[in-house]
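These protein sequence lines map, in sequence, to chains A and B.
Per numbering that gives the first Met the number 0, the first sequence starts with residue 0, numbered consecutively.
Per numbering that gives the first Met the number 0, the second sequence starts with residue 0, numbered consecutively.
There are 2 protein chains.
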Amino acid sequence: MRTLAVDLGERSYPIYIGRRLLERSDLLASRIRGRQVLTVTNETIAPLYLQPLQDALKDYHTRSVVLPDGEQYKTLEVMNRIITALLERRFDRSSTLLALGGGVVGDITGFAAACYQRGVDYIQLPTTLLAQVDSAVGGKTAVNHSLGKNMIGAFHQPRCVVSDTATLDTLPARELSAGLAEVIKYGLIRDPEFFFWLEQNMSRLQRREGEALAHCVQRCCENKAAIVAEDEREGGTRALLNLGHTFGHAIETGLGHGQWLHGEAVAVGMQLAADLSARMGWIAASDRERIESLLLRAGLPIRAPSSLAGERLLELMAVDKKAREGALRLVLLQGIGRAVIAGDYDRSALLATLGGARMATRVA
Amino acid sequence: MRTLAVDLGERSYPIYIGRRLLERSDLLASRIRGRQVLTVTNETIAPLYLQPLQDALKDYHTRSVVLPDGEQYKTLEVMNRIITALLERRFDRSSTLLALGGGVVGDITGFAAACYQRGVDYIQLPTTLLAQVDSAVGGKTAVNHSLGKNMIGAFHQPRCVVSDTATLDTLPARELSAGLAEVIKYGLIRDPEFFFWLEQNMSRLQRREGEALAHCVQRCCENKAAIVAEDEREGGTRALLNLGHTFGHAIETGLGHGQWLHGEAVAVGMQLAADLSARMGWIAASDRERIESLLLRAGLPIRAPSSLAGERLLELMAVDKKAREGALRLVLLQGIGRAVIAGDYDRSALLATLGGARMATRVA
Chain A
0 MRTLAVDLGE RSYPIYIGRR LLERSDLLAS RIRGRQVLTV TNETIAPLYL QPLQDALKDY
60 HTRSVVLPDG EQYKTLEVMN RIITALLERR FDRSSTLLAL GGGVVGDITG FAAACYQRGV
120 DYIQLPTTLL AQVDSAVGGK TAVNHSLGKN MIGAFHQPRC VVSDTATLDT LPARELSAGL
180 AEVIKYGLIR DPEFFFWLEQ NMSRLQRREG EALAHCVQRC CENKAAIVAE DEREGGTRAL
240 LNLGHTFGHA IETGLGHGQW LHGEAVAVGM QLAADLSARM GWIAASDRER IESLLLRAGL
300 PIRAPSSLAG ERLLELMAVD KKAREGALRL VLLQGIGRAV IAGDYDRSAL LATLGGARMA
360 TRVA
Chain B
0 MRTLAVDLGE RSYPIYIGRR LLERSDLLAS RIRGRQVLTV TNETIAPLYL QPLQDALKDY
60 HTRSVVLPDG EQYKTLEVMN RIITALLERR FDRSSTLLAL GGGVVGDITG FAAACYQRGV
120 DYIQLPTTLL AQVDSAVGGK TAVNHSLGKN MIGAFHQPRC VVSDTATLDT LPARELSAGL
180 AEVIKYGLIR DPEFFFWLEQ NMSRLQRREG EALAHCVQRC CENKAAIVAE DEREGGTRAL
240 LNLGHTFGHA IETGLGHGQW LHGEAVAVGM QLAADLSARM GWIAASDRER IESLLLRAGL
300 PIRAPSSLAG ERLLELMAVD KKAREGALRL VLLQGIGRAV IAGDYDRSAL LATLGGARMA
360 TRVA
């Protein structure tokens, strides 16, 4: 087992990475403060991992809520179902929620924990690569609104993150790829050595070799923990983690949530960011090619869907929460491993990048 | 104008108290960081104070949302309307929300501000006595759930509180009384001198004499600010502010929200707390009489509605968020000006107190 720490003063917490950790009741017990534990999961994950987890927690008063599976259920209404379950079972302020699943389960459960009686504990038990390397770490919780993703949420740190890499054995290939998009992101924004490692080891990750996956999850969590420790509430540096996300959210909103996986949209978003950066001469054309190539080898799309024309994408991007009073700021690249937040990019270059997106088709 | 400070480190903020402060654009300008300002108010308050406020803010990009008036609209669904308004108008993370109204408007607007894009600024502009002395100060925000009041919320401090005491001129008498319940509460929990002042000056407050009201608002805010500074997230002392609230919430839930005013239910709750304390000999019978007498002179009810029998009330109280894993803790009195959080009270005395509640009728 590998253990990392997210250093946030009194809100600090550990991340545990390793195989079959969901059965380790000692890990959970050390981070659960009360006796009431509600596990939130979805219909896909419940048959696989819910029972072993509940067995490990037999000393607690445990209950569970099983949500339908999919991004389209990451809504205020579904969050309210979790609240109703807590109230019906008379769970009090010392309760702990467990988020067993991918990013959707983690985000909605974390937000329910943030709001329930103005805040109770929760623990992230991510079962997808994307959640293990990204969404489960850092305390960003949210639900979607019909006018934009993650528009209703809170910063609420978990008591710990338990990443059981054995759960990745059952992950569909498409979701593994979606997770690899966020993995590649860490290399691009601040870790050129890791980007190089990914170029050397992408086929091992695709084959799900245990050691490669564990190293990958650890390295991503180290990067994310460092960024979060520096900027918990996204006042500055943390926004770099949104590389590809302004474009990506626009694609997800434009298609309707649940059509593309988040990681797929982010992959296209990173390619668009790389393309814009290359058009302005901020990165070399050869770097853009390396990025595209790695994304393709990860099994990811690199072009926006043809239904989303350049102007339409731009309009959707303007709603994004990083838009500050009309001036759209983007995370762009000044090299592999060097991302910057920029408002001073060339508008015509952006239109050219998005125009390119309009004419191409999705490479799946 | 009187100015107080709520001392919370980097989240510190001022409270301004005085007549016609809503027109003081300088006060607001000093605490608004961006350009986009959304005022949230209700149908009762809008015709009285919305236009002058918007006029004072003519240098900003202002919009408004007018909600229906009433506790029954303090829901997640109505909160989502505020979010929708923000998204439709493309308000970004530097936006400020203004809560112009009573406790319901303040609570729901504060919660919308806490959640929108994981947190934007807001300012409290309380127009009821209850909001000016209690709910607008301290950063507790929430909406109700059908199974309990304030079950979904956040701690989110406002940028400032502007209490325009001229708005109390238009307050219905019943709402003035409801505010006086929370006023009396401060005397009971920690300020015996103020309790004595209230006994001397209740008729001046009932006549809405300006100086008496301003002194009253100031003294309450000083008490609340001291408690909040000591215990922002209600880990300990702050729970004393819930004197009468466990009983009161049970009454509100039992009757259905919107039947009684919050302050009315709290008044009965304080009388029940005093009665239980007196039955156990924690306070003198004469103190219980003083409390009842002051509540009556404030125009408040002191008995639970006859429809809520003792057992039913107890059941409703068990859902309250101060119930910790089955053991119901109550805020009780060991004297006027000395409240304590107690789990060691006599159960049979509690049943006797609630039984008394069952047989009596409401004194309105």
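We put the CB at the ideal spot given by N, CA and C, even for glycine.
Just so it is clear, the structure is predicted and the values come from calculations on it, not from any experiment.
Judged by DSSP secondary structure, residue 71 (chain B) falls outside any beta strand (DSSP E); it is assigned neither H nor E. Residue 92 (chain B) and residue 242 (chain A) have their alpha carbons spaced roughly 18 Å apart.
By the beta-carbon neighbour count (other beta carbons within 10 angstroms, threshold 16), residue 232 (chain A) is exposed. The beta-carbon distance between residue 218 (chain B) and residue 12 (chain B), rounded to whole angstroms, is 19 Å. This is too long to meet the 8 Å contact definition. According to the DSSP secondary-structure assignment, residue 1 (chain A) is paired through a beta bridge with A:16. Judged by DSSP secondary structure, residue 182 (chain B) falls within the alpha helix (DSSP H) whose first and last residues are 172-189. With the rule of 3 Cβ pairs closer than 8 Å, the stretch 124-144 of chain A counts as touching the stretch 95-112 of chain A. Counting of Cβ neighbours within 10 angstroms places residue 262 (chain A) among the buried residues, the total reaching 16 or more. Contact residues of the stretch 140-154 of chain A toward chain B are 141, 144, 146, 147, 150, 151, 152, 153, 154 (C-beta to C-beta distance below 7 Å). Neighbours of residue 115 (chain A) in chain B, taken as residues at a C-beta separation under 8 Å, are given in chain order as 150, 151. As DSSP reads the structure, residue 147 (chain B) sits in a beta bridge with B:144.
Comparing alpha-carbon positions, the option among A:22, A:66, A:27, A:59 lying closest to residue 48 (chain A) turns out to be A:22. Here DSSP, grouped into helix, strand and coil, assigns residue 156 (chain A) to coil. C-alpha of residue 344 (chain B) to C-alpha of residue 336 (chain B): approximately 19 Å in a straight line. Chain B places a beta carbon closer than 8 Å to that of residue 317 (chain A), counting this residue as a contact. In the three-state reduction of the DSSP assignment, residue 127 (chain B) falls in the coil class. Within 7 Å of the CB of residue 241 (chain B), no CB atom of chain A is found; the nearest one sits about 12 Å away. Straight-line measurement puts the Cα of residue 198 (chain B) at about 19 Å from the Cα of residue 268 (chain B). Membership of residue 245 (chain B) in the alpha helix (DSSP H) is indicated by the continuous run 244-254.
Nearest C-alpha to residue 38 (chain A) among A:97, A:60, A:226: A:97. Among the residues of chain B, those whose CB is under 9 Å from the CB of residue 87 (chain A) are 146, following chain order.
Closer than 8 Å to the CB of residue 66 (chain B) there is not a single CB belonging to chain A. Counting only the Cα atoms, residue 82 (chain A) lies some 30 Å from residue 249 (chain A). For residue 118 (chain A) against residue 155 (chain A), the beta-carbon gap comes to about 7 Å, under 8 Å, which counts as contact. Nearest C-alpha to residue 135 (chain A) among A:273, A:147, A:116, A:163: A:163.
Per DSSP, the continuous beta strand (DSSP E) segment holding residue 331 (chain B) begins and ends at 329-332. For residue 11 (chain A), the three-state secondary structure derived from DSSP is coil. Residue 75 (chain B) and residue 0 (chain B) have their alpha carbons spaced roughly 36 Å apart. Scanning chain B for C-beta atoms nearer than 7 Å to the C-beta of residue 75 (chain A) yields 75, 79, reported in chain order. Approximately 18 Å separates the beta-carbon atoms of residue 294 (chain B) and residue 353 (chain B); this is outside 8 Å, ruling out the contact.
Under the three-state reduction of DSSP, residue 99 (chain B) is assigned to strand.
In the three-state reduction of the DSSP assignment, residue 162 (chain B) falls in the strand class, which pools E and B. If you compare the alpha carbons of A:254, A:215, A:24 with that of residue 306 (chain A), the shortest gap goes to A:254. Taking 8 Å as the threshold, the shortest C-beta distance from residue 82 (chain A) to chain B falls below it. In this structure, A:36 is the residue among A:77, A:36, A:70, A:137 with its C-alpha nearest to the C-alpha of residue 89 (chain A). Spanning the alpha carbons of residue 73 (chain A) and residue 143 (chain A) requires a straight line of approximately 6 Å.
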